[in-house]
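Chemist: Sending over a structure as structure tokens; questions will come in a sec.
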Amino acid sequence: MFRKSRLAFVFLLVLIPSSTVAATKKPAAKTAAKLPKGARLLQNVVIPGCPGTPAGLELQNPPEIAADPTTNVLSTTLGVYQATKKVPVYSPPPPPPSPPGGVWTCVEQAFRLQLYKNPVTGEIQYPGPTLRLRRASTNSPAYPGDSLHVLLENHLEPNTGEDCIWRGFDCPDCDNPDATLRPECCGLLRKPVGMECFHGLNDTNLHFHGLHISPQQPQDWVFLQLQPVGTTISTPMGDPATVRVGSFQYAVNPLPSNQAEGTYWYHPHKHGSTSSQVGGGMAGALIVEGPFDDWLRSYYGNYLREKVMVIQQIHNFNFNTTLEVGLTQIISTALPLINGQLVPKITMNPGEVQRWRMIGATIEADAQLEIDFNGLSKAGNSLQVRQIEMDGVQFSPNNYYCQPLLDATPCDGQLQDPRFQLSPGNRGDFLVRADPAQAGHELAIPYRVFGAIERQGQHSTAINRKATMIKHHQTRAFLSSLGDSAPALMIVYVCKPGSDPGCVDKSMDFPPAAKFPPLPPFLSDIKASGRQNVQFQVIPGPGDNPVPPAPNSTFAILVKGKNHNKPLQFNEQCAVFSEPIDPAGGEEWTISQNVNNGTAPFHVFHIHTNPFQLVSTFINNKRVSYSTCPPPPGAPPLACVTPIWEDSLTLPNNTSPEQPDEPTGYAVIRQRFEDYTGGYVLHCHFLGHEDRGMMLAIQTVCPQDHTKYSVTSKSQKECTFGQFLPALPLVDTPECLAAIKKANEHH
Ligand SMILES: [Cu+2]
């Protein structure tokens, strides 16, 4: 029997039927909470005390690699290695699972992880190095644009097989007399269909998340299956033509002048192993600079300190360990780390403005963080903040004035209680100002988890084949144990001139909205003609209802009018969408999910190659518009919102999940297909969902011949010169069926 308290704390792989969630939901115990062991309290914000990983150390930016100024090429090597790392996690008091309200302890838990070796430090560590590039610009000073060359080397152990992990393959300890300790894969009695499963965990590749670059090899090529050096038996699940062994040279063309400057990131994207590799720490910041940054720096007289914040929640696939901590059952919950640091401190001068680049380098619902910038002082604005970019694209002057993603009442000229929701994949760039009145004080920045943690499933045992026990993480229980207090993400210390060495008063302020640069022409609003309806769906499988683990569910995407209106799963042999290059056109997509969670969202829509504009969201048919210009009569000229450029979008709840054609909760985006032909993907950025099939292939084709891609060139526009490649066949065509048949014969 599952105890009720367990049902609520299941993870990634499984969707619990909503009836089960409703039955097990209990109001959080908010009264009798005790402070976690070793933690300290800063005005209702809990800062963990963690032996071995002290909280509150000064935040260090990750080491950076820039382009060679003589060649304008950033050239580096990222080697992938297995390593055991001690990661701070919160663990409840024994015997687990602990009831809410118990005293939790921050402990270092040893995880076997796959990580990049940092070429600057020589260390195998998380996050990876920051890659800093500059895009081309034609205005003064003109700049040719940096190229990005990454030699990716796979030093993991060769896979013994690449088939789906299920009861019949690679799933240990299914005979454990305690059913609750059996790994989830034990419940998977049927071999998963096709490649929609965790598999090939030691194969890798690279994705440059958010960049507007070619998806073709050797650029943003996510179809690569880079097998470990020394691999002799190759049984890939994907197209054998995409297999390489040992190393692969990625080479991205010079970033053109229509690459938005901003904060991006890189991470592996190999279908079947994406979640375990990114969740285990393989990620790093990728920063593109350009004229917007020049303007910002010059506004502050070149005194603008920048913090790069790679936010990760590190764990292996199974939240477990067999090493230093021993063989006892460890039930823990991952803590958000910034650049690998636990609750780092940022020291600011009084009156100083800093630029913060926040990156959600995460994979799952319990990493959906609502960051409360002045959680300590709801009335006093102790820490002041303005968002300047979203997902790597600068804000319009209107959005800078209105602050639609920080302010519950945008455009009213006042920003009170700013909160930012950072989902997996998202980036937010902020100007943050330390109020001089706070000199000598520590301010905590707390967070709450807004994701639907209860809807996640359990981890399967996969990487660590010796692990014998299933481990539940308990994010909700941990948060409940804090009572009315919130956990801290970071601390700001406003130093005191005269008593703190090097501390000086600054009189910096935010740029006035009237001076904020207008969007460059390449970021003009998209005028959509075509329409698409897309719904992310989790379809319960046999035996999954009502008790988890429920590993037989299908993670799929329904596209209206495709596949005879039946849900689709990832298949790299056929494109679901085929879009001709059209810089003047575009499509409007309505995106929903078949989930009704009350308030918490669930999936995160992400698409490669072209960013999109978020136009509106509908929650219970109530519209939130991000296109409200012109402003009402009498309002200030900037008091209206323009569509927000994004590449990763948190999907709202849908109270009519049974009716795919009539969702009550959905988002409307517009995207256009520019510059680059080739095949790429859209998917859920809960990366376990992606590995299990919630991903589709999309392609951009040449306008004069929709069956062709163009080769990429450094000097010529695609499709304007005579070198072409065949495009993928479309779903629902005989060519697609033939391609799938051919691919299956290979395997
Ligand atoms: Cu999802």
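Using the numbering used here, the letters of the sequence shown correspond one by one to residues 1 to 747. Where is the CB? At the ideal position from N, CA and C, for every residue including glycine.
#1: In three-state DSSP terms, what is Y447?
#2: Can you give the Cα-Cα distance for H246 and C402, rounded to whole angstroms?
#3: At a cut-off of 7 Å, would you count H706 as near ligand 1, judging by its Cβ distance to the nearest heavy atom?
#4: Tell me whether Y264 is buried or exposed, calling it buried when 16 or more other Cβ atoms sit within 10 Å of its Cβ.
#5: Using only alpha-carbon positions, find the residue among P703, L156, M508 that is nearest to I581.
#6: Quick test of your reading: E64 and P129, contact by CB under 8 Å. State the CB separation rounded to the nearest angstrom.
#7: What residues are listed by DSSP as bridge partners for V731?
#8: Using the three-state DSSP reduction, which class does L737 fall into: helix, strand or coil?
#9: Under a criterion of Cβ closer than 6 Å to any non-hydrogen atom of ligand 1, which residues qualify, in chain order?
#10: In three-state DSSP terms, what is W104?
#11: With 16 as the cutoff for other CB atoms within 10 Å, does N139 come out buried or exposed?
#12: Is it buried or exposed, R623, if we count other Cβ atoms within 10 angstroms and call 16 or more buried?
#13: Give me the Cα-Cα distance between P660 and N72, rounded to the nearest whole angstrom.
#14: I'd like the list of long-range same chain contacts for L687, defined as Cβ closer than 8 Å, with 5 residues on each side in sequence excluded.
#15: From this set, F577, V538, L568, L59, which residue's C-alpha is nearest M309's C-alpha?
#16: G122: which of K85, E157, G79 sits nearest, CA to CA?
#17: Where do the N-terminal and C-terminal ends of the alpha helix (DSSP H) with T628 fall, by residue?
#18: Would you report the Cα separation of L638 and D525, rounded to the nearest angstrom?
#19: Whose CA, out of L35, G392, V222, V432, lies closest to the CA of V103?
#20: Which residue marks the beginning of the alpha helix (DSSP H) containing S481, and which one marks its end?
#21: If distances are taken between C-alpha atoms only, which option among A575, G440, M348, Q249 comes closest to T733?
#22: If you reduce the DSSP assignment to three classes, tell me which class W221 lands in.
#23: Locate the alpha helix (DSSP H) running through D691, then write down its first and last residues.
#24: Contact defined as beta carbons within less than 8 Å: I believe P418 pairs with D429. What is the distance between those atoms, to the nearest angstrom?
#25: Using 8 Å as the Cβ pair cut-off and three pairs as the minimum, do the segment 553-565 and the segment 489-506 touch?
#26: Taking W295 as the reference, give the member of L211, R670, A727, I388 with the closest Cα.
#27: Does the pairing of the segment 105-114 with the segment 343-357 give three or more beta-carbon distances under 8 Å?
#28: Look at H209 and D163 and say whether their C-beta atoms are less than 8 Å apart.
#29: Any heavy atom of ligand 2 within a distance shorter than 7 Å of the CB on T160?
#30: Using only alpha-carbon positions, find the residue among H271, H441, P518 that is nearest to F395.
#31: Can you find at least 3 beta carbon pairs, one from the segment 291-306 and one from the segment 333-342, that sit closer than 8 Å?
#32: What residue range does the alpha helix (DSSP H) around G279 cover?
#33: Specify whether the segment 614-628 and the segment 560-574 touch according to this definition: at least 3 beta carbon pairs, one from each stretch, less than 8 Å apart.
#34: Using a Cβ-Cβ cut-off of 7 Å (strictly less than) and excluding sequence neighbours within five positions of P62, which residues of its own chain qualify?
#35: Secondary structure at F612, three-state DSSP: helix, strand or coil?
Modeler: A quick look at the data gives this:
#1: strand
#2: Here residue 246 is Gly; the residue named in the question, His, does not match the sequence. Going from the Cα of G246 to the Cα of C402 covers about 50 Å.
#3: H706 Cβ: outside cutoff for every heavy atom of ligand 1.
#4: buried
#5: P703
#6: 7 Å
#7: According to DSSP, which records beta bridges pairwise, V731 is partnered with nothing at all.
#8: helix
#9: F536, H603, C684, F686, H689, M694
#10: coil
#11: exposed
#12: exposed
#13: Inter-residue distance for P660 and N72 is about 49 Å (C-alpha atoms, whole angstroms).
#14: So the qualifying residues of the chain are T274, S275, V278, G279, I363, E364, P424.
#15: L59
#16: G79
#17: Segment: none, T628 is in no alpha helix (DSSP H) and carries neither H nor E.
#18: 16 Å
#19: Closest by alpha carbon: L35.
#20: 475-481
#21: Cα-wise, what sits closest to T733 is A575.
#22: coil
#23: 687-691
#24: About 14 Å; that fails the 8 Å criterion.
#25: no
#26: I388
#27: no
#28: Between H209 and D163, the C-beta gap is not smaller than 8 Å, which leaves the two residues out of contact.
#29: Looking for ligand 2 in the displayed structure turns up nothing; the ligands present are ligand 1.
#30: If we check each option's Cα against that of F395, P518 comes out closest.
#31: no
#32: From DSSP, the alpha helix (DSSP H) with G279 extends over 274-279.
#33: no
#34: P127, P129, T130, G284, A285, V308, V310, N339, listed in sequence order.
#35: strand
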